[in-house]
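The sequence shown begins at 1 in my numbering and counts up one residue at a time.
Backbone N, C-alpha and C fix where the C-beta goes; we use that ideal spot for every residue, glycine too.
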Amino acid sequence: MIIHNAHFYIDGSFENNIKAIKAEQGKITQLLEHVPTRLDEAIDLHGGYAYPGFIDCHTHSISGGIYTLGVDLSGCPDIASLKAQISMQAQKQESGALIFAWNFDESSLAEKRFPSQAEIDELCPDQLLLLRRIDGHSCMLSSNARARITALKSKDTILTGAENDLVTNWFHAQLDDDAVMSAYHSAAKVAMQGGFTTVHTMIGDAEMSIDHFIMLQKRLDELPIEYILYPQSFNIDAALEAGSPRIGGCILADGSIGSHTAALSQPYRDKASCGTLYKTDEFWRAFITRAHENNLQVAIHCIGDSAIKQVNDVY
Numbered sequence: 001m002i003i004h005n006a007h008f009y010i011d012g013s014f015e016n017n018i019k020a021i022k023a024e025q026g027k028i029t030q031l032l033e034h035v036p037t038r039l040d041e042a043i044d045l046h047g048g049y050a051y052p053g054f055i056d057c058h059t060h061s062i063s064g065g066i067y068t069l070g071v072d073l074s075g076c077p078d079i080a081s082l083k084a085q086i087s088m089q090a091q092k093q094e095s096g097a098l099i100f101a102w103n104f105d106e107s108s109l110a111e112k113r114f115p116s117q118a119e120i121d122e123l124c125p126d127q128l129l130l131l132r133r134i135d136g137h138s139c140m141l142s143s144n145a146r147a148r149i150t151a152l153k154s155k156d157t158i159l160t161g162a163e164n165d166l167v168t169n170w171f172h173a174q175l176d177d178d179a180v181m182s183a184y185h186s187a188a189k190v191a192m193q194g195g196f197t198t199v200h201t202m203i204g205d206a207e208m209s210i211d212h213f214i215m216l217q218k219r220l221d222e223l224p225i226e227y228i229l230y231p232q233s234f235n236i237d238a239a240l241e242a243g244s245p246r247i248g249g250c251i252l253a254d255g256s257i258g259s260h261t262a263a264l265s266q267p268y269r270d271k272a273s274c275g276t277l278y279k280t281d282e283f284w285r286a287f288i289t290r291a292h293e294n295n296l297q298v299a300i301h302c303i304g305d306s307a308i309k310q311v312n313d314v315y
C-alpha cells in the first residue's frame, strides 16, 4: 500500500523530501521521495498531515471501554438533567443490569452538589447504578448495589479512597471475559479515533489483585492497537508470576484535587483539610525497594505536593 499526497511528520519535522510511504501488513517498510507512477493500492490523504501513531501513557481502558456504553454526564447542567439521562438508560436495561454513569462533575451543576441517595435510588430501582465523578476518585452507588457489596463498611453516601476503589472494582468484576474484551475493543476504537496506536493501561484493583491481566495478556493479538499492560496492584509476587517488567500505574499515594483527597502541604481554599496520604513512608520504602530488587519498574499515582515528596524521598 502507498500512502501519498500528505505532509509527513518524520524525525520531529515536516521539513523533508518524503512524498509517500509504503506500508506492508500494517508496518511502514519504505519512505519514498517520489510517488510511484503505478498505484495499485493507495491512500490519497489530499494534502493532510500524517503523524506517527500517538502513545497514551496512562489510561484505565477497562473503565473507558465499559463507560462508552454507559451514561456520559459531561455537560450535564443540573440535577434534573442528570436524573433524566440516567432514567432513560434504566428504561433500556433489564432488571439486575449494571448502569455506569460517568464524567459527573458536581461543580458544573447549577446545584453544585452530588445527588442525594434518595434521588439516586428512585432513578433505577431494578438496576445497579454506579455514579462516578469525572476524576474517578469519588463515586456514589444505588442502595440495591450497596447491599450486594458486603465488604463495603462505610455508611458515607459519597465514597472516596479505598471505598471508591472497592465498589468500582466490584462493578467491573461482574463482567465475564467476553465483556472485558468488548470493553477493550471499545476503548481501542476511541483511541484510534484520536490517532493513538499504543495505549498504556492499568489492570487491577490497586490493592492485591491484578484482575484480568493474564487473560488479556494472552489475547492482545485480538486487539487493533498495542496495549502496554500494568499490573495495578501492590502484589509484587503476582506481577512477577505474570512476567510483567513493571508494577503499579495507578496505585495511590493520594487522591485528587476535585475530591479534596490529593495530599497537599497547605489546606484547600474551600475546605479545612490538606487531603490524605494513603500510605506511610515506611510502606513506600519497603514496596519500591523490593520491586527494584526484582527489576520491576514502579509507577505510582501522586497528585498533591506532599504525595510527590513522599514518593520522591524514597528514591
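Per DSSP, reduced to three states, the secondary structure at LYS112 is coil, with no helix or strand assignment. In the DSSP annotation of this structure, GLU293 is not part of any beta strand (DSSP E); the continuous alpha helix (DSSP H) holding it starts and ends at 281-293. Taken through DSSP and simplified to helix, strand or coil, LEU69 comes out as coil. In this structure, the beta-carbon distance from ALA101 to ARG132 falls below 8 Å.
One alpha carbon belongs to SER108, the other to PHE114, and they sit about 11 Å apart. In this structure, GLN232 and GLY204 form a Cβ contact; the two beta carbons are roughly 3 Å apart against a cut-off of 8 Å. Residue pairing by DSSP leaves PHE14 without any beta bridge partner.
Going by beta carbons, GLY26 and ALA187 fall outside the 8 Å limit.
The beta carbons of LEU128 and ASN144 sit closer together than 8 Å. Annotation for SER256: ASP135, HIS137, ALA262 and ILE303 place their beta carbon closer than 7 Å to its own, counting only its chain and skipping 5 residues before and after. The Cβ-Cβ distance between LEU277 and ALA299 does not fall below 8 Å. The segment 33-40 and the segment 146-157 do not touch, with fewer than 3 CB-CB distances between them shorter than 8 Å. By DSSP's assignment, ILE55 forms a beta bridge with THR198. Fewer than three Cβ pairs drawn from the segment 189-198 and the segment 71-81 lie within less than 8 Å of each other, which leaves the two stretches out of contact.
If the five residues before and after ASN16 are omitted, its C-beta is found closer than 6 Å to the C-beta atoms of ILE10, all from its own chain and listed in chain order. In this structure, ILE247 lies near LEU296, with their beta-carbon atoms less than 8 Å apart. If you look at ASN164, you'll find it in the alpha helix (DSSP H) that goes 161-173. Under a 10 Å Cβ-count criterion, ARG269 is classified as exposed, with fewer than 16 other Cβ atoms of the shown protein chains found around its own Cβ. C-alpha of ASP221 to C-alpha of ALA23: approximately 19 Å in a straight line.
Closest in alpha carbon position to PHE283, among ILE210, GLU122 and GLN310, is GLN310. For GLN174, the number of other beta carbons within 10 angstroms of its own is below 16, and it is reported as exposed. For the 8 Å CB-CB criterion, LYS112 and GLU119 do not form a contact. For the beta strand (DSSP E) assignment, the uninterrupted runs of no fewer than 3 residues enclosed by the segment 232-284 are, from N- to C-terminal side, 246-252. Assigned with DSSP and collapsed to three states, ASP44 falls in strand.
Judged by DSSP secondary structure, ARG133 falls within the beta strand (DSSP E) whose first and last residues are 128-133.
Here HIS7 carries a strand assignment [DSSP, helix/strand/coil].
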